[in-house]
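Novice:
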Amino acid sequence: MSFPFLIWLFIFKYVPIWGWTIAFQDFKPAKKIFDQKWVGWKHFEALFKEDAFFRVLRNTLAMSGINLVLGFVTAILLAIMLNELRHAFFKRLVQTISYMPHFISWVVAASIISTVLSSDGGIINELLMALGLIKEPILWLGVGHYFWGILGASEVWKNVGWNTIVYLAAMTMIDPSQYEAAEMDGAGRFKRIWHITLPGLKPVIIILLIMNVGNILETGFEPQYLLGNGMNLDYSENLDLFVLRYGISMGNFSLAAAAGIFKTVVSFILLFSANGIAKRFGEARLF
Amino acid sequence: MAKNKWWSIGLALALTGSLIAGCSKATDKTESKPSDSASAPASASASASAEQSQKPLDKVTFTYFNGVAGKKDRNTNETTIGKALEDQTGVNFKMEFLVGDLNTKIGTFIASNEYPDVLVPDAAIDKVIDAGGFIDLAPYIEKYPNLKRVYGPYLKQMTSSDGKIYILPFSTVVGDFVPDPNINQGAFWVQRRVLKEAGYPKIKTLDEYFKLVEDYVNKHKDENLTGFLTLTHDWRFFATSNPPMHLQGYPNDGNVIVDMNTHEAKTYAGTDATKQWLQKLNELNAKGLFDKASFVDNYDQYIAKLASHKVVGFFDYGWQINNAQLNLQDAAKKDPAQDDFVYFPLPVTFDGGKDQYLDPPGFVKNRGLGVTVSAKDPDRIMAFFDTLLKEDNQIMKSWGIKGETYEVDDKGRFYRTKEEITKIDEAFREQFGFKYFDWDWPMYNTNSTLADGNALAPALQPEVFQMNLTDKDKEILGKYGVQTYSEMFSPPDPRPWYPAWGIPKEQGSPQQIWETKKDEVTKKYFPKIVLASPDKFESEWQAYLKEFGKLDTAGYEKWYTEQIKGILDSLK
């Protein structure tokens, strides 16, 4: 049964690795492989010598880090709170509303965000002015160092509901008799969460953490592309945008491929180290 | 069984073909070869194509991909114009338009080496040429009379460095050059009510212009107006970085200005002209007249602001603000009181000297249409283009059908009646095909004239332009003593290289990298410079200069100067 799957895996996941060769060429489309000029590590050197590269790398790591931490914390918190709700209708309502934004495309979401943050009647500015916290509207998207925060908040708004689903599923696997026993022993609500729910979630949390660490260089590029502008460029441009700007739109596919390989290698190292650490501490792990 | 049947039909065809070919031996040169079994099908098709020129042609459908988004996919023969062309040539095109990202789409074509028959690659032209996606069109241009007539004078400019012609441009002027009575190019725009209130002053310099804006805003404090706005979103950033070029009295050559005598190309992004422009914006900002959100708004928000009646003035190119301006004009047509909010273009320069906002007759070399290596029958396609370029068909594609969409008066001038003008709305343009054959096909340049002196484009025919004007339009034009908007501006000087931005640059070349980096630097520093408090202006400008200085600007200018000299030499 697994044989067709292996073929699929080979064709779609391993054959394309052949494309990595273009990172070592001055690649010209439509020419045959033997007509390409091989240039060794030139494109990697160009990548690492580029001033913008490290700024871009910093942004990528920072944004991923923020998303990772915020994403986990908020999703777990929301899942626990939902789990404690006894009123089924209210629970479903909260769940539905919170995972709705997940289905909005980033293009639409970015419009909503920039409208909300607009200095011209945007609700955030209006609210802050009404409360007397600020005197003039703030150009939220025009101040570079606000960008990471705005992005983190947007990601939470968009994905928190969706991310809770897996935790809620994991919670249903916890044996209810444990809660009953704890209650008999006089554990309050918070004690029960701390000593039963959270340890029950631990394997799921660790597996997801390992997988996400592997993806830390993948911040996605849509929100950054759609919300970025000249004024926050220093903080919004990430690796994918860098590749898009200096590689693909300039027809420099070799540089794009080199950046792609760099990403893969880093992800690979991160994934293995996270898994190794989990193994050492005797926790659940990916492989 | 089925296989056998097709085989025998094929054989029968080949035999009949060779029979016909044998009979017409006297006229058919290919038959002089010794006839063996292999050459039989070849000669059959040769004689078939010889017959095609007399008999009505078989219907054939080609694919056409346009790298510009915004139109619905359609067959040409579903439009009135396309149907008429199909009747003449038997050719139909299945038109497809871009959805999503141009580079991605073109990249897919290139990677698979499978293209539509006809491709309009828009900005990705160099990529397709680099990848060998287009066929050489030179032999066809020689062969067909209309192609020869329209492109003949421009062959040198159309030929690429390897001596071949891959692209049929859309910008070859046929006949005389008719200027556009409207302003589709750059201008400093201002609400009409501002001019009205100030008593229609002649505004020539940037200082006068900003004074006008400032006075108006100060007088109407309670209306919460925005004095000045700029467009910065994404690739449209040039609307903010180009004005120093125009303010010095040059047309839109892109990143360089070209000296009329020495033909040296110079960039201006790091010069005093740019400093002066940014300083003005900085002053405006300090006075609270500049909309800070200019640097974060996207294009839609920008257009929405222009349509909101709140923005007093801005600089931009007419084609970019069309959506807002048309809305304002439509409203003004229904209710003349709304005319106050329509924007009026002004030819503003630093010193009030001669402006060059209007496009000189130009030749855009890096936009056009090509036939790809995947095309099934390039000859048939080129024959279609030849037919399309017949004068009658050019009249049909821009004026339509006599008695239906235009009239001819006793002097032979074309015009449209009021009813025809109202009839030709967006839906009609789509159905009739004006919208599809408006651009992006082999065509006379919009500014061309027909053999009888009429303008090719209805909008450029003075009679049609006059009829479209409202009373209010005529009133404001009258105040300035002109008949058309373009008369407000100086006539353009001839610039054979124009527009310099249209000179193709190679993929990943130093010129292209310079442009990408320059865009990045200006996008990053201009907002800082403009929004800085006036005492910080100088230091922000110096920081920008330092960053800008890292680019190989001298190399970029040298490359451009060489290209321009090359164009001038080729015309000698």
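Order-wise, the sequence lines are chains A and B.
Here my numbering is used: the first residue of the first sequence is 1, the next is one more, and so on.
Here my numbering is used: the first residue of the second sequence is 1, the next is one more, and so on.
Note that CB positions come from ideal geometry on N, CA and C, so glycine has one too.
Predicted model, so just to flag it, every value in this text is computed and none were measured.
#1: For B/PHE315 and B/PRO243, which I take to be in contact (beta-carbon distance under 8 Å), what is that distance rounded to the nearest angstrom?
#2: Counting only C-beta atoms, is B/ALA375 closer than 9 Å to chain A at any point?
#3: Alpha carbon to alpha carbon, how far is B/LEU358 from B/GLU142? Give it in angstroms, no decimals.
#4: To which residues of the same chain is B/TRP319 closer than 6 Å at the C-beta, ignoring the five residues directly before and after it?
#5: Decide yes or no for the touch test of the segment 210-217 of chain B against the segment 334-342 of chain B: beta carbon pairs closer than 8 Å, at least 3 of them.
#6: Name the chain A residues whose beta carbon is nearer than 7 Å to that of B/PHE238?
#7: Our contact map puts B/ASN447 next to B/VAL173 with C-beta atoms below 8 Å; I'd like the distance itself, whole angstroms only.
#8: Just to confirm, is the Cβ distance from B/GLY70 to B/VAL120 under 9 Å?
#9: Need the endpoints of the alpha helix (DSSP H) that A/PHE24 sits in, please.
#10: Identify, in the order they occur along the chain, each residue of the same chain with its Cβ nearer than 7 Å to the Cβ of A/SER254, setting aside the five sequence neighbours on each side.
#11: For B/VAL312 and B/TRP189, what's the separation of their Cα atoms in angstroms?
#12: Any chance you could list the alpha helix (DSSP H) runs of at least 4 consecutive residues sitting entirely within the segment 120-198 of chain B, in chain order?
#13: Is there at least one Cβ from chain A nearer than 9 Å to B/THR293's Cβ?
#14: What's the call for A/ARG280, buried or exposed, on a 16-neighbour Cβ count within 10 Å?
#15: Report all residues from its chain with a CB closer than 6 Å to the CB of B/ALA26; omit the five preceding and five following residues, and keep chain order.
#16: For A/ARG86, does the count of other Cβ atoms within 10 angstroms reach 16, so buried, or fall short, so exposed?
#17: Can you find the residues in the same chain that come closer than 8 Å, C-beta to C-beta, to A/ALA259, ignoring five residues on each side of it along the sequence?
#18: Given a cut-off of 9 Å on the beta-carbon distance, is the pair B/GLN512 and B/ALA265 in contact?
#19: Of all Cβ atoms in chain A, is any one closer than 9 Å to the Cβ of B/THR104?
#20: Per the contact definition of three or more C-beta pairs closer than 8 Å, is the segment 331-338 of chain B in contact with the segment 227-235 of chain B?
#21: Give a yes or no on whether 9 Å exceeds the smallest Cβ distance from B/GLY186 to chain A.
#22: As a quick exercise: from B/LYS365, B/LYS550, B/THR522, B/THR516, pick the residue whose alpha carbon is nearest that of B/ILE503.
#23: In terms of residues, what are the limits of the beta strand (DSSP E) holding B/GLU96?
#24: Looking at the C-beta of A/ILE112, does it have a partner C-beta in chain B at a distance below 9 Å?
#25: Going by alpha carbons, who is nearest to B/LEU206 out of B/PHE237, B/TYR151, B/GLN279?
#26: Residues in its own chain within less than 6 Å of B/ASP136 by CB, not counting five upstream and five downstream?
#27: Helix, strand or coil: which one does DSSP assign to A/ALA278?
#28: When the Cα of B/ALA138 is compared with those of B/LEU147, B/GLY132, B/ALA131, B/THR516, which residue comes out closest?
#29: May I have the straight-line CA-CA distance separating B/GLY549 from B/GLY249, to the nearest angstrom?
#30: Indicate whether B/LEU85 and B/THR387 have their beta-carbon atoms separated by less than 9 Å.
#31: Output needed for B/GLU557: all residues of its chain with C-beta closer than 8 Å, excluding positions within five of it in sequence on either side, in chain order.
#32: Our contact map puts B/ALA293 next to A/ASP120 with C-beta atoms below 8 Å; I'd like the distance itself, whole angstroms only.
#33: Hey, out of A/ASP175, A/ILE134, A/TRP106, whose CA is closest to A/HIS158's CA?
#34: In chain B, which residues lie with their C-beta within 7 Å of the C-beta of A/ARG245?
#35: Do the segment 79-99 of chain B and the segment 381-397 of chain B meet, that is, are 3 or more Cβ pairs less than 8 Å apart?
#36: Could you check what DSSP says for A/PHE221 in three-state terms: helix, strand or coil?
Specialist: Well, looking at it:
#1: Here residue 315 of chain B refers to the residue found at position 315 when the second sequence is read from its first residue. Here residue 243 of chain B refers to the residue found at position 243 when the second sequence is read from its first residue. Contact flag correct, Cβ pair sits at about 5 Å.
#2: Within the second sequence, numbered from 1, the residue matching residue 375 of chain B stands at position 375. Residue contact with chain A for B/ALA375: absent (no Cβ-Cβ distance below 9 Å to any residue of chain A).
#3: Locating residue 142 of chain B in the second sequence gives position 142, counting from the first residue. Locating residue 358 of chain B in the second sequence gives position 358, counting from the first residue. Roughly 34 Å separates the two Cα atoms.
#4: Residue numbering aside, residue 319 of chain B sits at position 319 when the second sequence is read from its first letter. Here B/TRP319 has ASN184 as same chain residues with Cβ atoms under 6 Å from its own Cβ, once five neighbours each way along the sequence are excluded.
#5: No, they do not touch.
#6: Numbered from 1 along the second sequence, position 238 holds the residue referred to as residue 238 of chain B. Within chain A, not a single residue places a beta-carbon under 7 Å from that of B/PHE238; the smallest gap is close to 13 Å.
#7: The count along the second sequence starts at 1 and reaches residue 447 of chain B at position 447. The count along the second sequence starts at 1 and reaches residue 173 of chain B at position 173. Contact flag correct, Cβ pair sits at about 6 Å.
#8: In the second sequence, counting from the first residue as 1, residue 70 of chain B sits at position 70. In the second sequence, counting from the first residue as 1, residue 120 of chain B sits at position 120. No, Cβ-Cβ distance for B/GLY70 and B/VAL120 is not below 9 Å.
#9: By one-based count along the first sequence, residue 24 of chain A stands at place 24. First-last for A/PHE24: undefined, no H or E at that position.
#10: Start at 1 with the first residue of the first sequence, and residue 254 of chain A comes out as number 254. Cβ contact annotation for A/SER254 (same chain, cutoff 7 Å, sequence separation greater than five): ILE22, ALA23, GLN25, ASP26, PHE27, HIS43, in chain order.
#11: In the second sequence, counting from the first residue as 1, residue 312 of chain B sits at position 312. In the second sequence, counting from the first residue as 1, residue 189 of chain B sits at position 189. Going from the Cα of B/VAL312 to the Cα of B/TRP189 covers about 8 Å.
#12: If only uninterrupted alpha helix (DSSP H) runs of at least 4 residues are considered, those enclosed by the segment 120-198 of chain B are 125-130, 138-143, 145-151, 155-158, 192-197.
#13: The residue given as residue 293 of chain B occupies position 293 in the second sequence. It is worth fixing the name first, because residue 293 of chain B is Ala in this sequence and not Thr. Chain A, which has a Cβ nearer than 9 Å to the Cβ of B/ALA293, makes this yes.
#14: Residue 280 of chain A sits at position 280 when you count from the first residue of the first sequence. That one is exposed.
#15: Counting from 1 along the second sequence, the entry for residue 26 of chain B is found at position 26. Unreliable placement is indicated for B/ALA26, whose pLDDT of 38 sits below 50; the coordinate value is still reported in the next sentence. In the same chain as B/ALA26, and ignoring 5 residues on each side of it, no C-beta atom comes closer than 6 Å to its own.
#16: In the first sequence, the residue the question calls residue 86 of chain A occupies position 86. Classification of A/ARG86: exposed, given that the 10 Å Cβ count is below 16.
#17: Position 259 of the first sequence holds residue 259 of chain A. The residues are LEU47, LEU239, PHE242, VAL243, GLY247.
#18: Within the second sequence, numbered from 1, the residue matching residue 512 of chain B stands at position 512. Within the second sequence, numbered from 1, the residue matching residue 265 of chain B stands at position 265. No, Cβ-Cβ distance for B/GLN512 and B/ALA265 is not below 9 Å.
#19: Indexing the second sequence from 1 puts residue 104 of chain B at position 104. Using beta-carbon distances, B/THR104 counts as an interface residue toward chain A, with a partner under 9 Å.
#20: Fewer than three pairs of CB atoms, one per stretch, sit closer than 8 Å, so the segment 227-235 of chain B makes no contact with the segment 331-338 of chain B.
#21: Counted from its first residue, the second sequence places residue 186 of chain B at position 186. Not an interface residue.
#22: Counting from 1 along the second sequence, the entry for residue 503 of chain B is found at position 503. Taking each of B/LYS365, B/LYS550, B/THR522, B/THR516 in turn and checking the Cα distance to B/ILE503, the smallest one comes out for B/LYS365.
#23: Position 96 of the second sequence, counted from the first residue, corresponds to residue 96 of chain B. Taken as a continuous stretch (DSSP letters only), the beta strand (DSSP E) holding B/GLU96 covers 91-97.
#24: Here residue 112 of chain A refers to the residue found at position 112 when the first sequence is read from its first residue. Not closer than 9 Å to any Cβ of chain B, the Cβ of A/ILE112 fails to qualify, so no.
#25: The residue given as residue 206 of chain B occupies position 206 in the second sequence. Comparing Cα-Cα distances from B/LEU206 to each of B/PHE237, B/TYR151, B/GLN279, the minimum goes to B/GLN279.
#26: Walking along the second sequence from the start, residue 136 of chain B turns up at place 136. Same-chain partners within the cutoff: LYS164.
#27: For this step, residue 278 of chain A is matched to residue 278 along the first sequence. Looking at A/ALA278 - three-state DSSP - the assignment turns out to be helix.
#28: Your numbering for residue 138 of chain B matches position 138 in the second sequence. With distances taken between Cα atoms, B/ALA138 lies closest to B/LEU147.
#29: The residue you call residue 549 of chain B lines up with position 549 of the second sequence. The residue you call residue 249 of chain B lines up with position 249 of the second sequence. Cα-Cα distance, rounded: 25 Å.
#30: Working through the second sequence from its first residue, we reach residue 85 of chain B at position 85. Working through the second sequence from its first residue, we reach residue 387 of chain B at position 387. Result yes, Cβ atoms of B/LEU85 and B/THR387 sit closer than 9 Å.
#31: Stepping through the second sequence from its first residue, residue 557 of chain B is reached at position 557. Spatial neighbours of B/GLU557 in its own chain (CB-CB distance under 8 Å, excluding positions within 5 residues in sequence) are listed in chain order as VAL256, GLU264, ALA265, LYS266, THR267.
#32: The residue given as residue 293 of chain B occupies position 293 in the second sequence. The residue given as residue 120 of chain A occupies position 120 in the first sequence. Indeed, because the Cβ distance is near 6 Å, the residues count as touching under 8 Å.
#33: For the purposes of this step, residue 158 of chain A is taken as the residue at position 158 of the first sequence. A quick correction: the sequence has Lys, not His, at residue 158 of chain A. Residue A/TRP106 is the option with its Cα nearest to A/LYS158.
#34: Position 245 of the first sequence, counted from the start, is the residue given in the question as residue 245 of chain A. Residues of chain B passing the Cβ test: THR516.
#35: The segment 79-99 of chain B vs the segment 381-397 of chain B: in contact.
#36: Locating residue 221 of chain A in the first sequence gives position 221, counting from the first residue. Here A/PHE221 carries a coil assignment [DSSP, helix/strand/coil].
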